[in-house]
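Q:
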Amino acid sequence: MTFKRRVAAATLVAALAIVPIARAHAEEADAESLVNALNAVFGSHKGQRAAHPHGVCVKGNFVASPDAASLTKAQHFNSKTPVGVIARFSMAGGDPNASNAQKDNPRGFAIHFDLGKDTTTDLVMISDPVFVARDPDQFLKLLTTVATHDNAKIGEYFKENPNSTRAAAWLNARPVPASFGTVDYWGVHAFTATNGEGKKQVFKYKAIPVAGDVGISDDEAKKKDPDFYRPELKDRFAKGPVEFKLTAILGQPGDPTDDPTELWPEDQRKSITLGTLSITGFEDQATCDGGIFDPTNLTDGIDGPENDKIFPMRSQAYAVSFSRRAAP
Ligand code: HEM
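Per the working numbering, the very first residue in the sequence shown carries number 60; after that it's consecutive.
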């Protein structure tokens with residue numbers, strides 16, 4: 060299977076067409092300004108993603124659980140045979156040398172599910188349940204403030220925007236993951252599933268490692284090579300697949316669906332096991348780099364959030380980042 064066709068031409072053209080003309084005010088975010096702001100914080104690195112550049116491309120499959128059909132009619136969640144996946148684990152931020160031992164930096168887990176006939180659907184997750192900004196303008200403000208390197212201004216930003224502190228607080232309260240394969244990942248946004256009878260249900264994705272949540276101490280982390288996850292994965296693959304139970308946490312009326320900085324009380328929510336993701340080995344880096352993992356690349360039976368402004372902006376920003384990193 061090939062996963063080279065990733066950026067729909069229309070998406071790319073739309074993203075490139077966004078020119079910074081006549082803005083209402085200086086802090087109104089668009090895809091270009093967000094990628095520029097990421098570059099201002101982390102530097103611009105030729106041929107690399109503006110965010111999550113340090114990563115590893117892997118492959119495997121997904122086997123749907125019998126319960127998944129009660130939630131959604133989506134093809135990959137109803138397949139009677141294993142669905143091929145290409146995935147990428149990564150470190151967040153924009154530093155291509157970000158250490159695998161960092162604590163307050165989420166790990167990323169991006170997945171293309173092969174739907175056949177050269178089509179895919181994507182799921183892009185991180186290792187904490189919330190994002191750092193409720194909307195693109197707030198994210199731009201955060202990035203431009205951090206880019207000043209002025210500690211007083213940065214402190215003031217976080218005081219005025221406490222919702223931006225939740226992600227780091229969550230990560231700092233937990234150990235450094237021992238492996239890309241021993242940490243929970245969340246889809247962060249609220250999706251809506253539609254089943255074969257037309258019943259709709261709001262949910263959030265969570266991938267739970269079958270090997271359990273395993274961390275290392277801060278002292279152990281200090282001694283680790285910045286790239287220790289790749290050899291760690293190699294050892295794991297030699298013993299068998301790295302597995303995750305992909306689950307849907309079911310929302311209740313009143314659970315916020317428009318703000319990815321808001322936590323759902325997931326321990327008080329029912330969940331459904333959608334199936335098992337098995338990551339079986341490494342894949343050529345080029346397979347993951349030849350396009351984007353687009354969270355808005357959905358399939359019939361799953362819809363994105365209607366009023367979450369971060370969600371559609373991601374697709375546009377990823378296309379801008381792709382067009383820059385693919386440029387000669
Ligand atoms: C407006 C908000 C956001 C912006 C501007 C943004 C920006 C970016 C950019 C520019 C890339 C690199 C794309 C590429 O070159 O292929 C990226 C990758 C990524 N982002 Fe975001 N992002 C945003 C929100 C989020 C959220 C809410 C999540 C949480 C799930 C997330 C998770 C990821 C992951 C896991 C990757 C790596 C994908 C890969 O492995 O190729 N991002 N982001």
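Heads up, the beta-carbon is just placed ideally off N, CA and C, and yes, glycines get one too.
Can VAL261 be considered in contact with the ligand HEM, in the sense that its beta carbon sits closer than 7 Å to one or more heavy atoms?
A: Position 202 of the sequence shown holds residue 261. VAL261 Cβ: outside cutoff for every heavy atom of the ligand HEM.
Q: What number of angstroms, rounded off, separates the C-alpha of ARG384 from the C-alpha of MET150?
A: As a first step, residue 384 must be located in the sequence shown, where it is residue number 325. As a first step, residue 150 must be located in the sequence shown, where it is residue number 91. In a straight line, the C-alpha of ARG384 is about 17 Å away from that of MET150.
Q: With 16 other CB atoms within 10 Å as the buried threshold, where does PRO387 fall?
A: Within the sequence shown, the letter at position 328 stands for residue 387. With fewer than 16 other Cβ atoms within 10 Å, it is exposed.
Q: Any idea what DSSP makes of PHE101, helix, strand or coil?
A: Residue numbering aside, residue 101 sits at position 42 when the sequence shown is read from its first letter. DSSP places PHE101 in helix when its eight states are reduced to three.
Q: Looking only at its own chain, which residues have a Cβ that is under 7 Å from the Cβ of SER194, when we skip the five neighbours before and after it?
A: Start at 1 with the first residue of the sequence shown, and residue 194 comes out as number 135. This sequence places Asp at residue 194; Ser is not what is there. Excluding positions up to five away in sequence, the list reads LYS368 and ILE369.
Q: Should the stretch 184-200 be regarded as contacting the stretch 313-320, the criterion being three or more beta carbon pairs within less than 8 Å?
A: yes
Q: Residue range of the alpha helix (DSSP H) that ASP196 falls in?
A: Here residue 196 refers to the residue found at position 137 of the sequence shown. Unbroken alpha helix (DSSP H) run through ASP196: 195-206.
Q: Please work out which residues of its chain come closer than 8 Å, Cβ to Cβ, to PHE287, disregarding the five sequence neighbours upstream and downstream, and give them in chain order.
A: The count along the sequence shown starts at 1 and reaches residue 287 at position 228. Contacts found: ASN159 and ALA160.
Q: Can you find a heavy atom of the ligand HEM that lies under 7 Å from the Cβ of PRO319?
A: To locate residue 319, count along the sequence shown from 1; it is residue 260. Checking every heavy atom of the ligand HEM against the Cβ of PRO319, one is found closer than 7 Å.
Q: According to DSSP, is GLY152 helix, strand or coil?
A: As a working mapping, residue 152 is identified with position 93 in the sequence shown. If DSSP states are grouped into helix, strand and coil, GLY152 belongs with coil.
Q: With DSSP collapsed to three states, give me the class of SER124.
A: Looking up residue 124 in the sequence shown gives position 65. In the structure shown, SER124 sits in coil (DSSP, three-state: anything other than H, G, I, E or B).
Q: Ignore the nearest five residues each way along the sequence and tell me which others in ALA81's own chain have a CB closer than 6 Å to its CB.
A: Within the sequence shown, the letter at position 22 stands for residue 81. Interpretation of ALA81 is limited by its pLDDT of 37, a score under 50 that renders its predicted location unreliable; no figure is taken from the coordinates.
Q: Determine the DSSP secondary structure at LEU182, reduced to helix, strand or coil.
A: Stepping through the sequence shown from its first residue, residue 182 is reached at position 123. Strand, per DSSP.
Q: Is ALA386 near the ligand HEM, going by C-beta to nearest heavy atom under 7 Å?
A: Within the sequence shown, the letter at position 327 stands for residue 386. The answer is no for ALA386.
Q: Any idea what DSSP makes of PHE146, helix, strand or coil?
A: Taking the first residue of the sequence shown as 1, we reach residue 146 at position 87. According to the sequence provided, residue 146 is Ala. The question's Phe does not apply to it. Of the three classes helix, strand and coil, the one that applies to ALA146 here is strand, per DSSP.
Q: Indicate whether the contact test is met: 3 or more Cβ pairs, each with one atom in the stretch 206-215 and one in the stretch 256-271, closer than 8 Å.
A: No: the two stretches stay apart, fewer than three of their Cβ pairs being nearer than 8 Å.
Q: Please state the DSSP three-state secondary structure of SER330.
A: Sequence index remark: in the sequence shown, residue 330 carries index 271 (1-based). Reduced to three states, the DSSP call for SER330 is strand.
Q: Mind checking whether the beta-carbon of LEU201 lies closer than 7 Å to any heavy atom of the ligand HEM?
A: As a first step, residue 201 is located in the sequence shown; it is residue number 142 there, counting from the start. Checking every heavy atom of the ligand HEM against the Cβ of LEU201, none is found closer than 7 Å.
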